[in-house]
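Only one structure is covered here, and it is reproduced in the block below.
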Amino acid sequence: MRYWLIKSEPDVFGIDHLAKAKREPWSGVRNYQARNSMRDDMRPGDLAIFYHSSTTPPGAVGIAKVAGEAYPDPTQFDAKSEYYDPKSTKENPRWMLVDFEFVAKFPNEVTLQQMKEDPSLEGMVVLQKGTRLSITPVEAKHFKRVCKLGGWKE
DNA sequence: GCCAACGTTGGC
DNA sequence: GCCAACGTTGGC
1 MRYWLIKSEP DVFGIDHLAK AKREPWSGVR NYQARNSMRD DMRPGDLAIF
51 YHSSTTPPGA VGIAKVAGEA YPDPTQFDAK SEYYDPKSTK ENPRWMLVDF
101 EFVAKFPNEV TLQQMKEDPS LEGMVVLQKG TRLSITPVEA KHFKRVCKLG
151 GWKE
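This is the structure we're talking about:
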């Protein structure tokens with residue numbers, strides 16, 4: 001089982017949206033590395049830290065679970081969608097996604113600042129300077145530590 | 001295949 | 001709103 005961190009802007013789709021929806025296709029990812037993670041490396045049952053970006057304060061707010069295998073992101077074929085990609089075809093889709101399922105909201109948000117200041121989280125990809133990736137792998141020890149800081153027990 | 005221009009992300 | 005970082009595009 002692998003661990004991940006997924007970023008989302010709470011104004012667009014936050015942990016409360018996921019809690020309400022229960023399950024959500026992670027559409028709109030238009031970055032090849034992030035796509036590759038979903039397409040090639042995620043397996044049903046993998047757990048992800050749900051992270052709020054572009055908000056005050058940014059930080060980890062909960063846990064989501066990979067709910068199924070990867071499949072083509074339907075928004076790439078929708079000319080009315082902001083995620084429409086005219087260069088993608090159904091025969092050869094460019095963008096793949098997985099569904100995420102709500103697992104938990106942390107009793108306490110773990111802010112980015114807290115994460116940066118915690119020595120045991122050193123080396124986490126999301127904390128490295130210049131990391132803009134919306135999906136990053138997380139080591140098991142870092143995952144467990146963030147859950148602990150968030151007050152959540154698996 | 002290089003690289004300048006451009007667009008986006010995301011913390012501050 | 002600023003801007004550093006960095007991914008993508010497209011001309012050559």
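Quick note, the first sequence lines up with residues 1 to 154 if you use full-length UniProt numbering.
No residue lacks a Cβ here, since even glycine has one placed at the ideal position from N, Cα and C.
Residue j beta carbon less than 7 Å from that of residue i
| i | j | result |
| --- | --- | --- |
| Met38 | Val98 | yes |
| Phe106 | Gly62 | yes |
| Ala34 | Leu133 | yes |
| Ile15 | Val146 | no |
| Glu24 | Ser54 | no |
| His52 | Pro44 | no |
Residue i - containing alpha helix (DSSP H), residue span
| i | result |
| --- | --- |
| Lys141 | 140 to 150 |
| Leu112 | 112 to 117 |
| Phe13 | 10 to 13 |
Per DSSP, cross-strand counterpart(s) of residue i
| i | result |
| --- | --- |
| Ala19 | The partner list for Ala19 (beta bridge, DSSP) is empty, contrary to what the question assumes. |
| Asp99 | Pro25 |
Supposed close pair residue i, residue j - CB separation, criterion 8 Å
| i | j | result |
| --- | --- | --- |
| Phe100 | Leu18 | 7 Å |
| Met96 | Pro74 | Contact flag wrong, Cβ pair sits at about 11 Å. |
Range of the contiguous beta strand (DSSP E) that encloses residue i
| i | result |
| --- | --- |
| Ala34 | Counting along the chain, Ala34 falls outside any beta strand (DSSP E), though it belongs to the alpha helix (DSSP H) covering 32 to 36. |
| residue 162 | Residue coverage of the chain in this structure runs from 1 to 154, which leaves residue 162 outside it and unanswerable. |
| Tyr51 | 47 to 52 |
Contact set for residue i: own chain, Cβ-Cβ below 7 Å, skip 5 residues either direction
| i | result |
| --- | --- |
| Thr131 | Val125 |
Residues near residue i in its chain [Cβ-Cβ closer than 6 Å; skip 5 each side]
| i | result |
| --- | --- |
| Leu149 | Val110 |
Same chain only: Cβ atoms within 8 Å of residue i, ignoring 5 sequence neighbours per side
| i | result |
| --- | --- |
| Pro3 | In the sequence as displayed, the identity of residue 3 is Tyr instead of Pro. Here the set comprises Asp46, Leu47, Ala48, Ile49, Pro137, Val138, Glu139, Ala140, His142, Phe143. |
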